[in-house]
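Trainee: Below are the structure tokens for one structure; questions will follow.
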Amino acid sequence: MKFSQLASYLQKLENTPKRLEITSILADLIEKLSADEIDKGIYLSLGYLAAEFETEKFNIAEKMMVRILAQAYGVTAAEVQKQYSKSGDLGTVAENLAKKNKKFDLSVNDVHEKLLEIAKIAGSGSQEKKTAASAKLLNQADALSAKYIVRITLSLVRLGFTELTVLDALVQTINGAKDKNLKKKLEDRYRIHPDIGLVAKKVKENGLKGLKNVNMEVGVPVHAQKAQRLESVGEVVEKMGEVWVEQKFDGTRVQLHMDRNKKVKASDSTQQEMFVEEIFGKKSTFLIKTFTRNLEETTHQFPDIVEAAGKQIKADSVILDGEAMGYNRETGEFLPFQETIQRKRKHEVAAFAQQIPLKYMVFDILYLNGKSLVDETLLKRKEILNAVIKGGEKGGGLIEIASHVQTSKAEEISKFWAKTLKDGFEGIMIKKVNSPYEAGARSFTWVKMKKTDKQILGDTVDCVILGYYHGRGARAKFGIGGFLVAIWDEKQNMFKTITKVGSGLKDEDWVKLRELADSISTKEKPKNADIAPKFNCDVWTRPKIVVEIAADELSKSTEHSAGYALRFPRLIKFRTDKSPTDTTTPEEIAQLYNAKFGR
Ligand code: ATP
Numbered sequence: 001m002k003f004s005q006l007a008s009y010l011q012k013l014e015n016t017p018k019r020l021e022i023t024s025i026l027a028d029l030i031e032k033l034s035a036d037e038i039d040k041g042i043y044l045s046l047g048y049l050a051a052e053f054e055t056e057k058f059n060i061a062e063k064m065m066v067r068i069l070a071q072a073y074g075v076t077a078a079e080v081q082k083q084y085s086k087s088g089d090l091g092t093v094a095e096n097l098a099k100k101n102k103k104f105d106l107s108v109n110d111v112h113e114k115l116l117e118i119a120k121i122a123g124s125g126s127q128e129k130k131t132a133a134s135a136k137l138l139n140q141a142d143a144l145s146a147k148y149i150v151r152i153t154l155s156l157v158r159l160g161f162t163e164l165t166v167l168d169a170l171v172q173t174i175n176g177a178k179d180k181n182l183k184k185k186l187e188d189r190y191r192i193h194p195d196i197g198l199v200a201k202k203v204k205e206n207g208l209k210g211l212k213n214v215n216m217e218v219g220v221p222v223h224a225q226k227a228q229r230l231e232s233v234g235e236v237v238e239k240m241g242e243v244w245v246e247q248k249f250d251g252t253r254v255q256l257h258m259d260r261n262k263k264v265k266a267s268d269s270t271q272q273e274m275f276v277e278e279i280f281g282k283k284s285t286f287l288i289k290t291f292t293r294n295l296e297e298t299t300h301q302f303p304d305i306v307e308a309a310g311k312q313i314k315a316d317s318v319i320l321d322g323e324a325m326g327y328n329r330e331t332g333e334f335l336p337f338q339e340t341i342q343r344k345r346k347h348e349v350a351a352f353a354q355q356i357p358l359k360y361m362v363f364d365i366l367y368l369n370g371k372s373l374v375d376e377t378l379l380k381r382k383e384i385l386n387a388v389i390k391g392g393e394k395g396g397g398l399i400e401i402a403s404h405v406q407t408s409k410a411e412e413i414s415k416f417w418a419k420t421l422k423d424g425f426e427g428i429m430i431k432k433v434n435s436p437y438e439a440g441a442r443s444f445t446w447v448k449m450k451k452t453d454k455q456i457l458g459d460t461v462d463c464v465i466l467g468y469y470h471g472r473g474a475r476a477k478f479g480i481g482g483f484l485v486a487i488w489d490e491k492q493n494m495f496k497t498i499t500k501v502g503s504g505l506k507d508e509d510w511v512k513l514r515e516l517a518d519s520i521s522t523k524e525k526p527k528n529a530d531i532a533p534k535f536n537c538d539v540w541t542r543p544k545i546v547v548e549i550a551a552d553e554l555s556k557s558t559e560h561s562a563g564y565a566l567r568f569p570r571l572i573k574f575r576t577d578k579s580p581t582d583t584t585t586p587e588e589i590a591q592l593y594n595a596k597f598g599r
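Heads up, the sequence shown stops at 599 in the UniProt record's numbering, and the numbers go up one at a time, no gaps.
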């Protein structure tokens, strides 16, 4: 397929907010793409270059794009800037400037290859090289192609659909009809190997049978299982039967991958860098990586976990699931999330690793020596885990196995619950003993109960910021006095507002938030967001910043599009580990509301 043809599909997708239409346009696109280009066509339409977890970043900022467009079209940077100020979108500027370019012969694969080359340029003089290569590509492109090439390069492609919509479209191409089972089969595979391009390619090549070739693989992050909420121990017993009760650690989720037979490749840059720097005076040549629940690689944050994995894991290859917690060396107590997460910046890792030692509390094993374990029961998986981690049960090592109590009795759960809260944990996790590991799911096989003494609302709510308001009074000096937040409604493909937040931040955090918001501000209201005019913000942002909000109450609302409003909301923390479509869901909000009335 020619790239210009793909560009016209992208335009069609951009012009409709309707989910069913989007799905059928995508299905048509999938039909037209050949098996050797379908993965690239899908990545590009989602705005990236490879499976989401391994995609290259362009590192091309708007300022640089202004220079690229000037060079490509032989105009001054001032002229490009002028047009940009008018339209607010560099894609549209490129489209205007490229109007005289009519024919564009490059195929989807050609453009993908060139974009990949551009993204990979690194080292000295890379800015100039990237500028020249991008200008050359744009110079050949017709107007519409130029628009989307610019948006892809700036990571600004937002056509209102996610990888899950692509799965819906794939279903349509398999049997032309909606079939719930078929979607589940595709989704199950995608959850254990989240490469939407690969799933599409295998289905294109071999129909449903092709899915057999989409398997769990060490080095490829698996979608993490998530937890449902229940408000009372009585409900737990009724709904779940025989369970394991574990402490809920307030750290950060870490999925660990290790394969003693896989060599570290040059492309495994974080691990290479880490060991080249020899932070711990050790070199490892086999693959060990860690990922967040959002599929982002975090290996550079945890050199100590990597080192312990090499020593404590008795297996050729594993994938483990657990929570990393900072702890106090003297008292042995765990530290809160905010302190554990401080290890984010690369250059600070070694210092923090000395100051804040870690425990990696492992609660599951998903893969062992070449075989997926997700279909085994929790009981069986824990048995395997105990055999795999040296000293895991007894503790002492950096990697420990989370302990549990097995029961089906309300009193025992309540006892564990009370003790856990007394010990300072944020709550308990309850898991069905005979359940498989459900990658990416939030079902009643895993349930969380959190302490509710401080806030009347049973749980905090994760939301995404849509924009902010200039402050009045004391806060006017920061230029920001509050912000509007929303939750993601997957079914309606829409962000729905739920409250305005004006407290919970220290002065310096207001300033930081404003700077962050300004760096992703947009001229127009965010797309795919249902916002009543009375909540219009002074500055709109792209929906990217995820925050955790606590509130005293949840009430029904006719003004907020979520249908509910959080009352007396305050910011608890920034959830950099979550993506914008990973907020609390409308169903969960309804559950929280119903729980209030004991329904
Ligand atoms: P929360 O804000 O309540 O942590 P969340 O939306 O981040 O919720 P959930 O999936 O709802 O995530 O809650 C489960 C999270 O709790 C996991 O992602 C994991 O990081 C953490 N966790 C802590 N202890 C455990 C445990 N023993 N078993 C499973 N998950 C645990």
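Note that CB positions come from ideal geometry on N, CA and C, so glycine has one too.
What are the start and end residues of each continuous alpha helix (DSSP H) run of 4 or more residues lying completely inside the region 85 to 170, in chain order?
Mentor: Taking only runs of at least 4 residues, the alpha helix (DSSP H) segments lying wholly in the region 85 to 170 are 90 to 97, 108 to 120, 126 to 140, 143 to 153.
Trainee: Does the beta-carbon of A402, which I'm using as the reference point, lie nearer than 7 angstroms to any heavy atom of the ligand ATP?
Mentor: The residue given as residue 402 occupies position 402 in the sequence shown. Yes, the Cβ of A402 comes within 7 angstroms of a heavy atom of the ligand ATP.
Trainee: Taking L167 as the reference, which of R158, K183, V157 has the closest Cα?
Mentor: Working through the sequence shown from its first residue, we reach residue 167 at position 167. Nearest option by C-alpha distance: K183.
Trainee: With a 10 Å radius around its C-beta and 16 neighbouring C-beta atoms as the bar for buried, classify R542 as buried or exposed.
Mentor: Taking the first residue of the sequence shown as 1, we reach residue 542 at position 542. Its Cβ being crowded by 16 or more others within 10 Å, R542 is buried.
Trainee: What three-state label does DSSP hand A227 in the structure shown?
Mentor: If you number the sequence shown from 1, residue 227 lands on position 227. Strand at A227.
Trainee: Among T499, S521, L366, R442, whose alpha-carbon lies nearest the alpha-carbon of D582?
Mentor: The residue you call residue 582 lines up with position 582 of the sequence shown. Of the listed residues, the one whose Cα sits closest to D582 is R442.
Trainee: With 16 as the cutoff for other CB atoms within 10 Å, does L13 come out buried or exposed?
Mentor: Indexing the sequence shown from 1 puts residue 13 at position 13. Its Cβ being crowded by 16 or more others within 10 Å, L13 is buried.
Trainee: Which residues bound the beta strand (DSSP E) around K450?
Mentor: Locating residue 450 in the sequence shown gives position 450, where the first residue counts as 1. Segment 442 to 450, the beta strand (DSSP E) holding K450.
Trainee: Quick one: residues in its chain with C-beta nearer than 8 angstroms to the C-beta of Q312, no 5 flanking neighbours on either side, listed in chain order?
Mentor: The count along the sequence shown starts at 1 and reaches residue 312 at position 312. I389, K390, G391, G392, G397, L398, I399.
Trainee: Give the secondary structure of E588 by DSSP, where H, G and I count as helix, E and B as strand, and everything else as coil.
Mentor: Numbered from 1 along the sequence shown, position 588 holds the residue referred to as residue 588. In the structure shown, E588 sits in a helix (DSSP, three-state: H, G or I).
Trainee: In three-state terms, what does DSSP make of G563?
Mentor: In the sequence shown, the residue the question calls residue 563 occupies position 563. Three-state DSSP puts G563 in coil, outside helix and strand.
Trainee: Answer yes or no: do N386 and D316 have a C-beta to C-beta separation smaller than 8 angstroms?
Mentor: Indexing the sequence shown from 1 puts residue 386 at position 386. Indexing the sequence shown from 1 puts residue 316 at position 316. No; because the gap between Cβ atoms is not below 8 angstroms, this pair is not in contact.
Trainee: Please name the residue in T55, A143, R158 whose C-alpha comes closest to that of H112.
Mentor: Working through the sequence shown from its first residue, we reach residue 112 at position 112. Nearest of T55, A143, R158 to H112, Cα basis: T55.
Trainee: Looking at C-alpha atoms only, which residue of V93, L49, K506 is the closest neighbour of D110?
Mentor: For the purposes of this step, residue 110 is taken as the residue at position 110 of the sequence shown. Per the Cα distances, L49.
Trainee: Quick one: does the C-beta of A224 sit closer than 7 angstroms to a heavy atom of the ligand ATP?
Mentor: Sequence index remark: in the sequence shown, residue 224 carries index 224 (1-based). Because some heavy atom of the ligand ATP lies under 7 angstroms away, the Cβ of A224 counts as near it: yes.
Trainee: Does the distance between the C-beta of E490 and the nearest non-hydrogen atom of the ligand ATP fall short of 7 angstroms?
Mentor: Residue mapping note: residue 490 aligns to position 490 of the sequence shown, counting from 1. Flag unset: Cβ of E490 not near the ligand ATP.
Trainee: Whose C-beta lies closer than 7 angstroms to the C-beta of I42 among residues of the same chain, with five residues either side of it excluded?
Mentor: Taking the sequence shown and counting its residues from 1, one reaches residue 42 at position 42. For I42, where only same-chain residues beyond five positions count, the Cβ hits under 7 angstroms are V166, I196, G197, A200.
Trainee: What residue range does the beta strand (DSSP E) around T420 cover?
Mentor: Counting from 1 along the sequence shown, the entry for residue 420 is found at position 420. T420 -> not in any beta strand (DSSP E); alpha helix (DSSP H) instead, spanning 410 to 422.
Trainee: Let's see if you can read the secondary structure: which residues bound the alpha helix (DSSP H) around K380?
Mentor: As a first step, residue 380 is located in the sequence shown; it is residue number 380 there, counting from the start. 378 to 388 is the extent of the alpha helix (DSSP H) around K380.
Trainee: Could you give the DSSP three-state label for R189: helix, strand or coil?
Mentor: The sequence position of residue 189 within the sequence shown is 189, counting from 1. Here R189 sits in helix by DSSP.
Trainee: Provide the residue span of the alpha helix (DSSP H) that contains A308, from first to last.
Mentor: The residue labelled residue 308 in the question sits at position 308 within the sequence shown. Segment 303 to 312, the alpha helix (DSSP H) holding A308.
Trainee: Quick check on M216: does DSSP put it in helix, strand or coil?
Mentor: Residue mapping note: residue 216 aligns to position 216 of the sequence shown, counting from 1. Looking at M216 - three-state DSSP - the assignment turns out to be coil, as it is neither helix nor strand.
Trainee: Helix, strand or coil for G234? Go by DSSP, reduced to three states.
Mentor: Counted from its first residue, the sequence shown places residue 234 at position 234. Helix.
Trainee: Looking at Q247 and the ligand ATP, is the gap between the Cβ and the nearest heavy atom below 7 angstroms?
Mentor: Your numbering for residue 247 matches position 247 in the sequence shown. Flag set: Cβ of Q247 near the ligand ATP.
Trainee: Could you please give the first and the last residue of the uninterrupted alpha helix (DSSP H) stretch that includes F3?
Mentor: Here residue 3 refers to the residue found at position 3 of the sequence shown. Segment 3 to 14, the alpha helix (DSSP H) holding F3.
Trainee: Should R151 be listed as close to the ligand ATP, given that the test is whether its C-beta is under 7 angstroms from any heavy atom?
Mentor: The count along the sequence shown starts at 1 and reaches residue 151 at position 151. No, Cβ of R151 sits at least 7 angstroms from all heavy atoms of the ligand ATP.
Trainee: Quick one: using the 10 Å Cβ neighbour count with 16 as the cut-off for buried, is P533 buried or exposed?
Mentor: Working through the sequence shown from its first residue, we reach residue 533 at position 533. Classification of P533: exposed, given that the 10 Å Cβ count is below 16.
Trainee: Scan the region 506 to 559 and note each continuous alpha helix (DSSP H) run of 4 residues or more that stays entirely inside, going in chain order.
Mentor: List check, alpha helix (DSSP H) in window: 507 to 519.
Trainee: Using the Cβ count rule (16 or more neighbours within 10 Å means buried), how would you classify T76?
Mentor: Indexing the sequence shown from 1 puts residue 76 at position 76. With fewer than 16 Cβ atoms within 10 Å of its Cβ, T76 is classed as exposed.
Trainee: If you count every other CB in all the chains shown that lies within 10 Å of the CB of R189, and 16 or more means buried, which is it?
Mentor: The count along the sequence shown starts at 1 and reaches residue 189 at position 189. Buried, because 16 or more other Cβ atoms sit within 10 Å of the Cβ of R189.
Trainee: Specify, as a first and last residue, the run of the beta strand (DSSP E) that E62 falls within.
Mentor: As a position in the sequence shown, residue 62 is number 62, starting the count at 1. First-last for E62: 62 to 73, but that is the alpha helix (DSSP H), not the beta strand (DSSP E).
Trainee: Which residue's Cα is closest to the Cα of G440: K496, A146, P194?
Mentor: The sequence position of residue 440 within the sequence shown is 440, counting from 1. For the residues K496, A146, P194, the minimum Cα distance to G440 belongs to P194.
Trainee: Would the beta-carbon of F574 be found less than 7 angstroms away from any heavy atom of the ligand ATP?
Mentor: Locating residue 574 in the sequence shown gives position 574, where the first residue counts as 1. Checking the Cβ of F574 against the ligand ATP gives no.
Trainee: Please tell me whether K239 and I38 are closer than 8 angstroms, where the distance is taken between their beta carbons.
Mentor: In the sequence shown, the residue the question calls residue 239 occupies position 239. In the sequence shown, the residue the question calls residue 38 occupies position 38. No, these two residues do not count as a Cβ contact at 8 angstroms.
Trainee: If I follow the unbroken beta strand (DSSP E) through N206, where does it start and stop?
Mentor: For the purposes of this step, residue 206 is taken as the residue at position 206 of the sequence shown. Per DSSP, N206 belongs to no beta strand (DSSP E); it is in the alpha helix (DSSP H), 196 to 206.
Trainee: With DSSP collapsed to three states, give me the class of K32.
Mentor: On the sequence shown, residue 32 is found 32 positions in, with the first residue counted as 1. Helix, per DSSP.
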